[in-house]
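In what follows, a single structure is set out as structure tokens and then discussed.
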Amino acid sequence: MNDFVKYLLWAVCLVLLQEFLFNNIQFIHFLSPYIYIFLIIILPFNMHPSLVMFVAFGLGLSVDVVSDGVLGSHAAACTVMAYCRNIITKITMPRGDYENTSTATALHINLMQFVLYSLLLVFIHHFILFFVEIFTLKNFIFTLIQIIASTVISTIFIILIKLLFGYNKDA
Amino acid sequence: MTPILRFLLRYQKIILFLILEIFAFVLILNNSNYQKTQFAALVDNLKGIVYEKYEGVRQYFSLQSENEKLIAENLELRNKLNYYESFDTVRSIVVKDLIQHTVYTCKTAKVIRNSTNKRQNFMILNIGSNQGVRPEMGVISNEGKMIGMIVNTSANYSSAISVLNTGFTKFSGKLKRTGDYGTISWNGLNISTVQLHDIIQQSDVVVGDTVTTNQHSGVFPENILIGTVEKINVKDGIFYEIDVKLSQNMKLTQNVYVIENHNKEEIEALLKDE
Chain A
118 MNDFVKYLLW
128 AVCLVLLQEF
138 LFNNIQFIHF
148 LSPYIYIFLI
158 IILPFNMHPS
168 LVMFVAFGLG
178 LSVDVVSDGV
188 LGSHAAACTV
198 MAYCRNIITK
208 ITMPRGDYEN
218 TSTATALHIN
228 LMQFVLYSLL
238 LVFIHHFILF
248 FVEIFTLKNF
258 IFTLIQIIAS
268 TVISTIFIIL
278 IKLLFGYNKD
288 A
Chain B
785 MTPILRFLLR
795 YQKIILFLIL
805 EIFAFVLILN
815 NSNYQKTQFA
825 ALVDNLKGIV
835 YEKYEGVRQY
845 FSLQSENEKL
855 IAENLELRNK
865 LNYYESFDTV
875 RSIVVKDLIQ
885 HTVYTCKTAK
895 VIRNSTNKRQ
905 NFMILNIGSN
915 QGVRPEMGVI
925 SNEGKMIGMI
935 VNTSANYSSA
945 ISVLNTGFTK
955 FSGKLKRTGD
965 YGTISWNGLN
975 ISTVQLHDII
985 QQSDVVVGDT
995 VTTNQHSGVF
1005 PENILIGTVE
1015 KINVKDGIFY
1025 EIDVKLSQNM
1035 KLTQNVYVIE
1045 NHNKEEIEAL
1055 LKDE
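Here it is in structure tokens:
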């Protein structure tokens, strides 16, 4: 399948899944998992950083439009996440063994690396998202706990999605 | 020309990053209060259709508890009816007359979407402008407790701002016993507690006092229950900040009434002339 069509389908599915399933899951009243960022995690490593940022911004904006939050908050968080993607890749995979194939994605790395990689990216996303939504540094510790707890829950769901759908023919 | 191009290419990532972030923050700031009410009419209609189906399935599973609530409500109304019927003929005419000229009327509605997990929470109701709903109408639960206000309507759906919304401070409340009134807002920390501000420290409020709506804004009638005083905090020397425990469990609101004030235009016209 054409890569563009494949990722577009992923995007549509993830946004719909986010709004109609995961936005209705509330563990303690404000811990909702955000799983749509799975797309930004699995974009190919060698994709141009600017393109990744465009995709992330578009993805965030679509989630903003369909969910009832502060318009632009998801877009802002996703853009920061996409901007940090290269740095996180370098931290979690220092030897650069992913560069061997031109289409390598996070689906091809081993599970421990994937967990660390998504945990860091999800944390960056949630950090921006929660602070943009609150727009104040009051109750900083409380918000931080909320962010960390949400990060863990989101990452668990993201790993589940990887385990369910991540086995490509070339994996 | 080339140096500029080379500069742009060299720093394209950071430049693009800044442009996108600025765009996102322009969106956030432009929509911080009544966010996305412009989009709302369009999106709500589509979402309304999906969520109505979804709620249809969900409500099937809570039919029993809903039935119990309706029975309790029926009983209460029947008791009230008996009370009015017990008056003699002359007085019952007066009562009828009063009912005909009543200022507030209710429309029943179902909540098809309700969030409590955000800082800015909204509800979507299954009636809209076709059914006579307009922005700034009050929303109360079927147990008669204040829960929100309509902010936007589409043809058959409307979105209401929940009392659990940190971006909104237009709700007003008063202490039923002393008559002191102030504004109700939410600090975003606990979904069963809201804050009542602007109560001067001379007032003799005590824990357990009832907090109700007042009709200054014209959105709600007088004395619709909001909650009870839970904790009294002293703020900057002049005012109290009072934690009010909500009487309504905001997670369990399904059937609601939208309140229309028939004299609202008249009152607003008078205020404009001043």
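Just so you know, the sequences run in chain order A and B. If you read the first sequence in our numbering, its first letter stands for residue 118, the second for the next number, and so on. If you read the second sequence in our numbering, its first letter stands for residue 785, the second for the next number, and so on. Each residue gets a CB set at the ideal place from its N, CA and C atoms; glycine is no exception. Here the structure is a predicted model, which means the values were calculated and not measured.
Asked, Found
"Considering only C-alpha positions, which residue in the set B/940, B/963 and B/971 is nearest to residue 951 of chain B?", "B/971"
"If you run the structure through DSSP and keep just helix, strand and coil, what is residue 851 of chain B?", "helix"
"Output needed for residue 194 of chain A: all residues of its chain with C-beta closer than 6 Å, excluding positions within five of it in sequence on either side, in chain order.", "242, 245 and 246"
"When you check each C-beta in the region 794-807 of chain B against every C-beta of chain A, which residues fall closer than 7 Å?", "796, 797, 800, 801, 804 and 805"
"Where do the N-terminal and C-terminal ends of the beta strand (DSSP E) with residue 1023 of chain B fall, by residue?", "1023-1030"
"Using a Cβ distance threshold of 8 Å, determine whether the region 925-941 of chain B contacts the region 979-988 of chain B, with at least three qualifying pairs required.", "no"
"List, in order along the chain, the chain B residues whose C-beta lies closer than 7 Å to that of residue 167 of chain A?", "796, 797 and 800"
"Within the same chain, show all residues whose beta-carbon is closer than 8 Å to that of residue 178 of chain A, passing over the 5 residues directly before and after it, in chain order.", "189, 191 and 192"
"Is the region 910-919 of chain B in contact with the region 989-996 of chain B, if contact means three or more CB pairs nearer than 8 Å?", "no"
"Please confirm whether residue 196 of chain A has its beta-carbon closer than 8 Å to some beta-carbon of chain B.", "yes"
"Taking only the alpha-carbon atoms, compute the straight-line gap between residue 1043 of chain B and residue 184 of chain A and give it to the nearest angstrom.", "26 Å"
"Cutting at 6 Å between CB atoms, please list the residues of its own chain near residue 830 of chain B, excluding the five before and the five after it.", "none"
"Whether or not the region 1037-1057 of chain B and the region 903-911 of chain B are in contact is what I'm after, with contact meaning three or more pairs of Cβ atoms, one per stretch, closer than 8 Å; do they touch?", "yes"
"Do we get a CB-CB distance below 8 Å when we pair residue 239 of chain A with the residues of chain B?", "no"
"Nearest to residue 232 of chain A by CA position, among A/120, A/278, A/255 and A/257, is which residue?", "A/278"
"Count the other CB atoms within 10 Å of the CB of residue 930 of chain B; is the residue buried (16 or more) or exposed (fewer)?", "buried"
"Given a cut-off of 8 Å, decide if residue 1006 of chain B and residue 977 of chain B are closer than it, judged by their beta-carbon atoms.", "no"
"Comparing C-alpha positions only, which one of A/164, A/154 and A/165 sits nearest to residue 173 of chain A?", "A/154"
"Taking only beta-carbon positions, decide if residue 261 of chain A is within less than 8 Å of chain B.", "no"
"Starting from the beta carbon of residue 942 of chain B, find every residue of chain A whose beta carbon is closer than 8 Å, and list them in chain order.", "What residue 942 of chain B touches in chain A: nothing, since even the nearest Cβ is about 13 Å away."
"Along the chain, where does the alpha helix (DSSP H) containing residue 345 of chain A start, and where does it finish?", "Outside the modelled stretch of chain A, which goes from 118 to 288, sits residue 345 of chain A, for which no answer is possible."
"Identify, in the order they occur along the chain, each residue of the same chain with its Cβ nearer than 6 Å to the Cβ of residue 1017 of chain B, setting aside the five sequence neighbours on each side.", "1025"
"Where does residue 1050 of chain B fall in DSSP's three states?", "helix"
"Suppose contacts are defined by Cβ-Cβ distances below 8 Å. Is residue 949 of chain B in contact with residue 905 of chain B by that definition?", "yes"
"Taking Cβ positions, are residue 196 of chain A and residue 793 of chain B nearer each other than 8 Å?", "no"
"Between the Cα of residue 135 of chain A and those of A/236, A/201 and A/181, spot the shortest distance and give me the residue it belongs to.", "A/181"
"Provide the residue span of the alpha helix (DSSP H) that contains residue 138 of chain A, from first to last.", "Careful: residue 138 of chain A lies outside any alpha helix (DSSP H) and carries neither H nor E."
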